[in-house]
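Structure first, then comments.
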Amino acid sequence: MSGSAAGPARAVPSSEGSGAPGGRLARAGRHRVALSLAALALFPLVAPYEALAVNILVLGLYALGFNLLFGYAGLLSFGHAAFLGAGAYGCGIAIVQYGLHPLAAIGLGTGLAVAVAAAMGYLAIRTRGIYFAMTTLALSMCVYYAFYRAERLTGGENGLRGINVPALGLPGVSLPLLDPTVKYYVVLVFVGAAIWLFSRILASPFGAVLEAIRENEGRAEACGYDVRRVKLVAFVISGAFCGLAGALQAIHLSIVPIETMHYATSGEAVMMALLGGTRTFFGPFVGAATFLLLQDGLATLTSHWQLLVGAIFIAFVLFLPLGLWGEVLARLRRLDAAPGGAP
Amino acid sequence: MSAVPILATEGVGKRFGAFRALDGVSVAFPEGGITAIIGPNGAGKSTFFNLVSGAFPPSEGRILYRGRDITGSPPHRFAALGIAKSFQITNVFPHLTAHENVRVAAQARRVRFDLLRDRAAYPELARKAEALLAEVGLPDRAGRLARELAHGEQRALEIAMALAADPDLLLLDEPTAGMSPEETRAMMGLVARLAARRTLILVEHKMKLVMDLCRRLIVLHQGRLLAEGTPDAIRADAEVRRVYLGRSA
Amino acid sequence: MTLASLPLTLVALQVVTGIALGAIYVLVGIGLSLIFGLMNIVNFAHGAFFMAGAYVGVFLYGYTGNFWVSLVVAPVAIGLLGLAVERVLIRPLYGRGPDDPLLLTFGLAYVVVESVRILFGLTGLPFSAPPPLRGAVDIGIGYFPLYRLFLIGFVGLVVLGLWLLIERTRFGLIIRAGARDPQIVQVLGIDIGRVWLAVFGLGCALAGLAGILAAPLQGVTPEMGVPVLAEAFVVTVVGGMGSLAGAVLAGLLVGIVVAMTSLIAPDLTKMAIFAVMALVLLVRPRGLLGRAGAFG
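Protein chains in written order, with full-length UniProt numbering: chain F, 1 to 343; chain Z, 1 to 249; chain R, 1 to 296.
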């Protein structure tokens with residue numbers, strides 16, 4: 001029952017790192033940032049309504065940040081709501097209480113998430129395996145109660161209200177965020193930059209170490225890597241992405257409900273990443289779209305949509321562990337490797 | 001033989017609960033050549049291997065690397081000092097290609113916290129990985145996932161990963177375990193070639209394999225040091241014959 | 001306000017209150033720890049099972065008016081639910097990584113909570129201690145609620161029973177051996193699958209029992225298991241991996257810390273639970289009574 005000896009659960013090679021075999025798919029993978037951005041830029045054309053599209057964008061980024069740890073480093077955290085929440089509260093408080101410029105507020109929110117991630121990570125990386133999931137969950141609940149109690153700053157139980165950002169003022173222009181289309185593309189600029197950075201990190205030597213740790217933590221350590229330090233850095237980076245998502249969400253919703261920080265929200269990141277595919281670059285966005293469209297559709301049918309969401313999630317764990325996007329990629333890869341395709 | 005041994009243990013022992021796996025073993029490994037650690041099942045060979053390779057710390061005693069006390073250092077420190085190991089149970093990165101396995105291993109001593117440049121910004125690591133794969137006889141397996149390789153190939157891959165750290169001291173735990181006769185022959189040929197340029201310590205269950213290859217032998221029995229010396233001296237040792245060679249000699 | 005400025009009897013009473021609260025934590029923690037220690041599975045539906053146990057018990061009490069029936073049937077029902085879950089949902093995941101059962105039970109918690117909402121409504125049911133266990137008795141340092149005394153004694157008996165089961169029976173021997181090395185058990189010709197089944201059922205039954213025992217303290221709502229899951233994790237992490245004695249010690253410790261904090265700084269009560277865990281992670285990351293090897 002050594003938590004460290006556990007092999008990777010989903011037996012599929014990632015198509016992303018330079019460690020993957022060649023092929024047409026791998027060549028397409030080299031343009032993953034451009035392809036992802038193109039898909040997200042066209043997404044409003046098919047989305048039911050724009051507010052939902054922005055939600056998908058923001059929570060897709062949240063799931064992407066989570067997936068840096070789970071999909072790439074093999075660390076299952078149930079505490080990422082704390083980073084989403086810290087980003088949201090940090091940004092919201094900066095705007096509501098101090099009247100800062102939205103850009104500064106986004107930076108501040110992300111910074112707060114980084115600080116929370118550093119503190120939580122410092123404690124959580126002392127545990128391994130599935131203990132890590134329990135520890136991160138419990139630590140995030142500590143953050144939750146702290147924000148719950150800091151009522152004067154956070155609004156406590158009622159959440160932080162009144163984050164009104166009607167327009168994003170930049171030198172020379174003012175972008176009207178009340179126009180949902182403008183809002184979508186403004187958010188996409190942030191999310192796109194994050195996607196680009198995320199891809200750079202994955203392709204870097206550091207990204208290679210993350211994959212090595214996921215594949216075989218003990219071996220990575222024997223190679224000479226200080227596994228704990230690598231994990232902590234990954235935890236903080238992951239927290240930064242989620243913090244940015246939170247800051248954008250605060251501006252988008254103009255309110256930060258206290259539930260943002262609850263571990264149920266951490267669970268949503270897990271669900272979205274898994275629905276889309278944890279071993280894929282774009283999977284978290286596919287998962288976020290699936291989750292939110294599902295929620296949106298089911299909620300019109302029944303107030304007990306959570307029952308169905310839970311059951312669908314169980315079915316994915318049992319029968320479709322690669323997730324939707326992961327399954328698509330796996331099929332394409334088989335086609336790619338079929339006789340007549342590659343030599 | 002240089003004055004300071006590359007590796008030495010002083011009275012190291014290891015207890016697991018009430019079980020004494022290893023007890024007061026003091027040995028010195030001179031620089032260069034192959035030293036083999038042999039002994040029957042349960043002699044404490046693997047425990048000894050794990051202690052000197054830094055997998056876990058001893059319950060008592062000290063471990064010296066070039067005269068420096070390294071007892072209790074974490075595994076990644078051992079690697080940084082120039083001690084590399086290949087495990088008894090195949091221990092690779094299964095869903096990475098053979099090439100990436102070796103490249104990541106080589107990267108450990110070269111770059112650590114580079115988050116923004118591409119892996120391709122270090123072409124020397126890729127070249128090194130290719131060269132090492134060729135050295136262990138896997139030049140045509142570079143693009144395959146490690147888990148798709150045959151057992152013998154995975155062991156060879158693992159040795160390439162160990163070599164990627166440019167170790168002065170290479171520790172191998174039963175490198176031929178579970179191998180076919182041909183694979184075994186190829187592996188022992190590789191081991192002999194490797195020893196030309198670095199110190200090798202080899203844990204081996206099959207005594208015959210190492211007799212012709214190694215300069216010195218260390219015999220463990222029931223967690224204690226039973227004998228050490230040249231292969232000829234060990235062959236002649238009455239105690240060793242009694243406990244270890246009993247059936248075959 | 002500091003502890004020293006309070007009357008000693010008040011502090012002492014609050015310690016006993018903490019032990020009563022801790023008794024619930026102990027049960028929940030042991031259930032989680034049993035499953036975790038043997039099967040390397042974190043049951044994320046543990047809080048939902050706790051809640052479901054409370055509902056079963058309270059629902060039955062409405063018909064029978066007999067708390068003892070509830071006390072027996074609730075854990076049995078949740079235990080049976082656990083058996084079914086292990087058989088149907090978790091068994092297919094053996095051989096996959098340890099994350100998969102965790103994820104599955106997380107989804108299961110959604111299903112259980114929502115099912116209870118469908119069956120019993122969103123608002124929850126009020127419940128207070130059954131008449132013979134109401135009121136307060138003088139325990140020498142002051143009057144103390146009878147139900148909480150009963151809780152301490154009852155949980156004490158359950159823990160004693162579990163201890164006997166694990167230390168003194170063949171089943172317990174298998175559990176202990178299996179927790180160390182599942183292969184040893186298989187070599188001995190024991191069907192480890194059946195042991196896992198039984199242990200999963202037992203762990204869930206303990207969650208159900210904790211639920212009905214906690215019902216008179218707080219009433220029942222579909223969400224009552226949500227914080228309990230996080231608190232059970234704290235107990236497991238603080239107590240140490242796979243250690244039943246650790247779960248008992250940690251459960252009582254957390255209970256007492258909660259009681260004391262609510263006396264001194266009621267606002268910080270919830271945070272205190274997690275502060276205990278953070279502290280333990282800092283000084284002794286393997287937990288108070290945990291074995292080495294589980295942590296890096």
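Virtual Cβ for every residue (Gly too), placed ideally from N, Cα, C. Fair warning: this is a prediction, and the values are worked out from it, not measured in the lab.
1) Tell me which same chain residues have a C-beta within less than 7 Å of the C-beta of F/H262, skipping the five on either side of it?
2) Chain F partners of Z/K85, CB-CB under 9 Å?
3) Where does the unbroken beta strand (DSSP E) through residue 272 of chain Z begin, and where does it stop?
4) Can you tell which of F/L210, F/A289 and F/S199 has the C-alpha that lies nearest to the C-alpha of residue 387 of chain F?
5) Could you check whether Z/A98 and Z/R127 sit closer than 7 Å to each other, using their CB atoms as the reference points?
6) List the whole-angstrom C-beta distance separating F/G65 from F/A245, where the pair is believed to meet the contact cut-off of C-beta under 8 Å.
7) Given a threshold of 16 other Cβ atoms within 10 Å of its Cβ, counted over all protein chains shown, does F/G3 qualify as buried or as exposed?
8) Write down the C-beta distance between F/F78 and F/A133 rounded to the nearest angstrom, noting that I regard them as a contact closer than 8 Å.
9) Would you please state the rounded distance, in angstroms, between the beta carbons of F/T136 and F/A118? I believe it to be under 8 Å.
10) Just how far apart, CA to CA, sit R/V257 and Z/L200?
11) Are there 16 or more other CB atoms within 10 angstroms of the CB of F/A222, so buried, or fewer, so exposed?
12) Per DSSP, which one or two residues make a beta bridge with F/G169?
13) So Z/Q88 contacts chain F; which residues on that side make the cut at Cβ distance below 7 Å?
14) What are the partner residues of R/P145, as DSSP defines its beta bridges?
15) F/V233 lies in the alpha helix (DSSP H); which residues open and close that run?
16) What residue does the beta strand (DSSP E) around Z/A36 start on, and which one ends it?
17) Taking the CB atoms as reference points, tell me whether R/A23 and R/V185 lie closer together than 7 Å.
18) Closest Cβ-Cβ distance between Z/R62 and chain F: below 7 Å?
19) Which class does Z/A18 belong to by DSSP, given the choice of helix, strand or coil?
20) Could you check whether the Cβ of F/T136 sits closer than 7 Å to any Cβ belonging to chain R?
21) Using the beta-carbon count (16 or more within 10 Å), is R/I175 buried or exposed?
22) Run through the stretch 44-93 of chain Z for me and flag every whole beta strand (DSSP E) of 3 or more residues, listed as ranges in chain order.
23) Taking a contact to mean a Cβ-Cβ separation below 7 Å, would you say Z/P75 touches Z/G54 in this structure?
24) Name the residues in the stretch 33-45 of chain R whose C-beta lies less than 9 Å from a C-beta of chain F; which are they?
25) Which one of Z/C214, Z/K14 and Z/L96 has the shortest CA to CA distance from Z/T71?
26) Report buried or exposed for F/P171, applying the criterion of at least 16 other Cβ atoms within 10 angstroms of its Cβ.
27) Using a Cβ-Cβ cutoff of 9 Å, what residues of the stretch 123-135 of chain F are near chain R? List them in chain order.
28) Distance, Cα to Cα, R/L206 vs R/L125?
29) Along the chain, where does the beta strand (DSSP E) that runs through Z/V203 open and close?
30) Any beta carbon of chain F sitting closer than 7 Å to that of Z/P139?
31) For F/F285, does the count of other Cβ atoms within 10 angstroms reach 16, so buried, or fall short, so exposed?
32) Please list the partners that R/A230 has in chain F, where partner means a Cβ-to-Cβ separation under 8 Å.
33) Between the beta-carbon of R/T236 and the beta-carbon of R/L32, is there less than 7 Å?
34) Anything in the stretch 326-337 of chain F with a Cβ closer than 7 Å to a Cβ of chain R? List those residues in chain order, please.
35) Would you mind stating whether F/V96 and F/I163 have Cβ atoms separated by less than 7 Å?
36) Let me know if Z/I89 comes out buried or exposed under the rule of 16 or more other beta-carbons within 10 Å of its beta-carbon.
Result, derived from the coordinates:
1) A81 and Y144
2) A222
3) Because chain Z spans 1 through 249 in this model, residue 272 of chain Z falls outside it and cannot be assessed.
4) Only positions 1 to 343 of chain F appear in this structure, which leaves residue 387 of chain F out of reach.
5) Going by C-beta atoms, Z/R127 is not nearer than 7 Å to Z/A98.
6) Taking the Cβ atoms as the reference, F/G65 lies roughly 6 Å from F/A245, within the contact range of under 8 Å.
7) Residue placement at F/G3 is poorly supported in this model, since its pLDDT is 34, which falls under 50; the coordinates still yield a value, given next. Answer is buried; the Cβ neighbour count reaches 16.
8) 5 Å
9) Contact flag wrong, Cβ pair sits at about 13 Å.
10) 56 Å
11) buried
12) F/S174
13) Per Cβ cutoff of 7 Å: no residues; Z/Q88 is ~13 Å from chain F at best.
14) R/A136
15) V227 to L253
16) I34 to I38
17) no
18) no
19) It is coil, neither helix nor strand.
20) no
21) So R/I175 ends up on the buried side.
22) 60-65 and 83-86
23) Taking 7 Å as the Cβ cut-off, Z/P75 and Z/G54 qualify as a contacting pair.
24) For chain F, the residues of the stretch 33-45 of chain R that bring a beta carbon within less than 9 Å of one of its beta carbons are F36, G37, L38, M39, N40, I41, V42 and F44, in chain order.
25) Z/K14
26) exposed
27) L123, A124, I125, R126, T127, R128, G129, I130, Y131, A133, M134 and T135
28) 21 Å
29) Residues T199 to V203.
30) no
31) buried
32) L137, A138, M141 and Y263
33) yes
34) none
35) Result yes, Cβ atoms of F/V96 and F/I163 sit closer than 7 Å.
36) Exposed is the call here.
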